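> The opening position of the sequence shown corresponds to residue 1 in my numbering, with each subsequent residue numbered one higher.
Idealized CB from N, CA, C, for every residue including glycine.
In this text, all values refer to a predicted model and were calculated from it rather than measured experimentally.
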Amino acid sequence: MSVQEYLEKHLLSRKIEEAVNAAVRAKAPDPVLFIAGHMRRAAPAVITRVRARQILDGHGAPAVEVEVHTNKAVHRASAAGAGAPEGAAAEAAPDAERRKILARAAADAVRVINDKVSEALVGMDPQQQAQIDQAIMDLDKARHKAELGANAMLAVSIAACKAGAAEKEVPLYKHIADLVGKSATTLPVPLITVINGGKHAGNGLPIQEIMILPVGAKNFEEAMQMGSETYHHLKDIILEKYGSDSCNIGDHGFPFGDLHMDFNMPYLCYLSIFSISEGLDLVIAAIERAGYNGRIKLAIDVAATDFCIGKKYDLEFKLAKKSEQNFKTADDMIEIYSQLCSEYPLVSIEQPFDKDDWEHSKKLTTLELCQVAGDDLLMSDPERIKRAVNEYTCNALVNQVGTVTEAIEVVKQAKDAHWGVMVSHRSGDTEDSFIADLAVGAAAGQIKAGAPCRGECLTKYNQLLRIEGELGSEGLYAGENWRTASTS
Ligand SMILES: C=C(OP(=O)(O)O)C(=O)O
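#1: If you run the structure through DSSP and keep just helix, strand and coil, what is SER473?
#2: So, are the CB atoms of GLY149 and VAL68 less than 9 Å apart?
#3: Roughly how many whole angstroms lie between the Cα atoms of VAL283 and GLY450?
#4: Is it a yes or a no for the stretch 207-220 touching the stretch 283-303, going by three-plus beta-carbon pairs under 8 Å?
#5: Determine the contact status of VAL421 and ALA442, defining contact as a CB-CB distance below 9 Å.
#6: Tell me, please, which residues DSSP counts as bridged to ARG499.
#7: So for LEU187, helix, strand or coil by DSSP?
#8: Across the stretch 455-467 and the stretch 194-207, are there enough close Cβ pairs to call them in contact, namely three or more that are closer than 8 Å?
#9: For GLU316, which of helix, strand or coil comes out of DSSP?
#10: Return the bridge partner residues of SER277 from the DSSP annotation.
#11: Give a yes or no on contact between the stretch 176-193 and the stretch 472-481, applying the rule of three or more CB pairs nearer than 8 Å.
#12: If we count the other Cβ atoms within 10 Å of its Cβ and call it buried at 16 or more, is TYR173 buried or exposed?
#13: Here's a check: name, in chain order, each residue in its chain whose Cβ is nearer than 7 Å to the Cβ of ILE273, leaving out the five neighbours to either side.
#14: What three-state label does DSSP hand VAL372 in the structure shown?
#15: So does GLY164 have its beta carbon nearer than 8 Å to some heavy atom of ligand 1?
#16: According to DSSP, is PHE506 helix, strand or coil?
#17: Locate the alpha helix (DSSP H) running through SER228, then write down its first and last residues.
#18: Would the beta-carbon of GLN463 be found less than 8 Å away from any heavy atom of ligand 1?
#19: Roughly how many whole angstroms lie between the Cα atoms of GLN320 and MET226?
#20: Pull the bridge partners of ILE192 from the DSSP assignment, please.
#21: Note the first and the last residue of the continuous alpha helix (DSSP H) segment covering VAL398.
#22: Look at the alpha carbon of ASN399 and the alpha carbon of ALA107, and state the distance between them as a whole number of angstroms.
#23: Relative to the C-alpha of ALA109, which residue among ARG99, ASP133, ILE132, ALA155 is closest?
#24: Have a look at PRO452 and GLN4 and give me their C-alpha separation to the nearest angstrom.
#25: Along the beta strand (DSSP E) that carries GLU65, what are the first and last residues, could you check?
#26: Rank PHE307, ASN114, LYS312, ILE195 by C-alpha distance to the C-alpha of GLY318 and give the top, closest one.
#27: Excluding five sequence neighbours on each side, which residues of the same chain lie with their C-beta closer than 7 Å to the C-beta of LEU364?
#28: Using the three-state DSSP reduction, which class does ALA79 fall into: helix, strand or coil?
#29: DSSP three-state call for GLY202: helix, strand or coil?
#30: Per DSSP, which one or two residues make a beta bridge with GLY445?
#31: How many Å lie between ALA177 and ASP437 at the Cα?
#32: Would the beta-carbon of LEU7 fall within 9 Å of that of ALA42?
#33: At which residues does the beta strand (DSSP E) containing THR48 begin and terminate?
#34: Within a Cβ cutoff of 6 Å, which residues of the same chain sit near VAL440, ignoring the five residues on either side of it in sequence?
#35: Excluding the 5 residues preceding and the 5 following VAL180 in the sequence, name in chain order all residues of the same chain whose CB lies nearer than 8 Å to its CB.
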């Protein structure tokens with residue numbers, strides 16, 4: 001592009017004139033410096049380099065942090081987990097060894113970003129998210145995100161998205177809404193995890209999460225207040241019923257409790273419960289004690305892929321002693337879910353069957369008992385979503401995906417099918433709060449970001465509190481419309 005073309009493209013001749021007029025009006029003592037400052041701000045931002053480093057995520061595992069530099073500022077992002085997919089070797093390795101494998105993967109991703117990704121993105125306009133994401137994907141196409149790793153790619157994409165928002169001088173959620181083609185005024189209902197089980201905790205509970213949804217709150221701030229009160233009542237109930245050993249994560253993250261274990265334990269990983277209804281009973285008791293009966297609903301993430309053996313579901317997969325009666329068929333599981341939906345205010349079930357069990361997921365969805373959200377089943381993969389939409393295999397999307405553009409595409413796909421959209425964190429996430437802005441920008445209606453405790457979870461909820469404050473009377477809490485907010 002010639003200098004003349006560049007000036008014309010960015011309307012710089014007019015901006016030079018404006019800068020000169022402003023210098024005259026301000027009686028600038030040094031007009032050249034004044035005009036230069038003006039023009040630096042008026043010049044379009046371009047990416048000048050991309051830098052990556054290794055950090056630790058919420059599991060204390062190696063993760064990749066990325067900085068996108070423009071001629072104006074530096075924008076930082078990170079995503080949970082190592083740079084590359086963990087692969088069978090890492091999955092099978094003992095924890096300490098796994099850390100080494102993940103560190104090597106993260107180091108590889110850092111090298112690729114500093115070298116190849118930086119070179120590919122230099123000179124690009126940070127507002128052109130789709131082009132940036134395409135350039136990242138093109139680098140890794142042949143390897144299906146194996147070279148960079150999905151999480152490292154996501155970190156680059158998010159950092160670029162933040163740079164795009166800064167260049168437009170709008171909040172991040174507004175920039176995302178522009179990319180989606182929506183207005184950004186809907187605050188999501190938080191699905192707040194209050195009990196962890198499955199592979200995420202050391203108790204006997206087979207399912208991964210029990211969550212509360214304060215749908216009866218008047219706004220997001222009240223929703224978080226209701227959620228955190230209930231969470232702390234739950235702690236008291238657990239202490240009364242099972243004793244202090246049951247709250248087994250200390251304030252400072254030590255996994256077996258420390259002197260501070262009476263306060264603010266991150267997740268309620270008590271050792272003594274085994275059944276889903278036992279967990280739900282505790283949460284219902286906490287909701288009642290907090291005085292929010294009827295205003296808080298329940299959700300579960302079964303993460304059933306983790307305990308599907310052959311075609312059966314081992315509800316005692318973490319127990320040494322097993323009984324045949326707790327080895328359930330998929331049809332038994334449908335019975336269990338139907339029973340739970342009739343006995344509790346259970347409004348959402350995530351990943352109720354194995355990742356490839358399309359048939360039973362469809363059977364459950366068709367019963368219309370509650371929202372059925374696909375996580376492993378869909379893998380945020382447009383082809384799998386298309387099939388699920390056609391076959392009505394589920395009716396909500398859990399969104400965890402490779403680049404911002406891909407996330408937006410699958411959200412649109414889900415919206416077009418009139419599905420619910422749940423923007424989700426990763427377990428052991430980093431302190432990046434991007435998904436809060438994504439949930440508002442994409443008008444998802446639902447966000448799942450963990451307990452009302454621990455920095456990596458709170459950073460998302462706190463960002464939503466800021467956004468609600470910023471939107472003022474324009475902000476609308478999804479509340480009872482949490483399933484349909486994304487489709488309006
Ligand atoms: C948050 C989740 O956990 P993970 O990051 O382990 O998939 C989930 O399964 O929804």
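Looking at the coordinates:
#1: Residue state, collapsed to three classes: helix.
#2: For GLY149 and VAL68, no; Cβs fall outside 9 Å.
#3: Distance between the alpha carbons of VAL283 and GLY450 is about 15 Å.
#4: Cβ pair count under 8 Å is three or more, so yes.
#5: The beta carbons of VAL421 and ALA442 sit closer together than 9 Å.
#6: The chain is shown only over 1 to 488; residue 499 falls outside these bounds and no answer can be derived.
#7: Annotated three-state conformation of LEU187 is strand, per DSSP.
#8: The answer is no - the stretch 194-207 does not touch the stretch 455-467, with fewer than three Cβ pairs under 8 Å.
#9: In the structure shown, GLU316 sits in coil (DSSP, three-state: anything other than H, G, I, E or B).
#10: None, per the DSSP bridge assignment.
#11: Judged by pairs of C-beta atoms under 8 Å, the stretch 176-193 touches the stretch 472-481, as three or more such pairs exist.
#12: Result: buried.
#13: Short of 7 Å from the beta carbon of ILE273, and not among the five residues preceding or following it, lie these beta carbons of its own chain, in chain order: ASN203, GLY204, LEU205, GLY279.
#14: VAL372: strand per DSSP, three-state reduction.
#15: No; taking the cut-off as 8 Å, the Cβ of GLY164 has no heavy atom of ligand 1 nearer than that.
#16: The chain is shown from 1 up to 488; residue 506 falls before or after that span and cannot be answered.
#17: Run containing SER228: 220-242, per the alpha helix (DSSP H) assignment.
#18: Because no heavy atom of ligand 1 lies under 8 Å away, the Cβ of GLN463 does not count as near it: no.
#19: The sequence shown places Ala at residue 320, not Gln. So the alpha carbons of these two residues sit roughly 37 Å apart.
#20: For ILE192, which the question treats as bridged, DSSP gives the partners ILE212, GLY450.
#21: Note, VAL398: premise wrong, no alpha helix (DSSP H); beta strand (DSSP E) at 396-399.
#22: Each residue's Cα considered, the two are about 26 Å apart.
#23: Looking at ARG99, ASP133, ILE132, ALA155, the one whose alpha-carbon comes closest to that of ALA109 is ALA155.
#24: Approximately 55 Å, taken between the alpha carbons.
#25: Start and end: 62-70.
#26: First, the amino acid is wrong: residue 318 is Lys here, not Gly. Here the closest residue by C-alpha is PHE307.
#27: Here LEU364 has ILE334, TYR337, PRO352, VAL372 as same chain residues with Cβ atoms under 7 Å from its own Cβ, once five neighbours each way along the sequence are excluded.
#28: Here ALA79 sits in strand by DSSP.
#29: Of the three classes helix, strand and coil, the one that applies to GLY202 here is coil, per DSSP.
#30: Bridge partners of GLY445: VAL421.
#31: Taking the straight line joining both Cα atoms gives about 9 Å.
#32: ALA42 is positioned such that its CB atom lies no closer than 9 Å to that of LEU7.
#33: Where THR48 is concerned, the enclosing beta strand (DSSP E) stretches over 47-56.
#34: Within the same chain, TYR173, ALA184, ILE467 come within 6 Å of VAL440 by CB-CB distance, once the 5 residues on both sides are set aside.
#35: The beta carbon of VAL180 sits closer than 8 Å to the beta carbons of ILE408, VAL411, LYS412, GLY441, ALA442, ALA443 from its chain, once the five residues preceding and following it are set aside; these are given in chain order.
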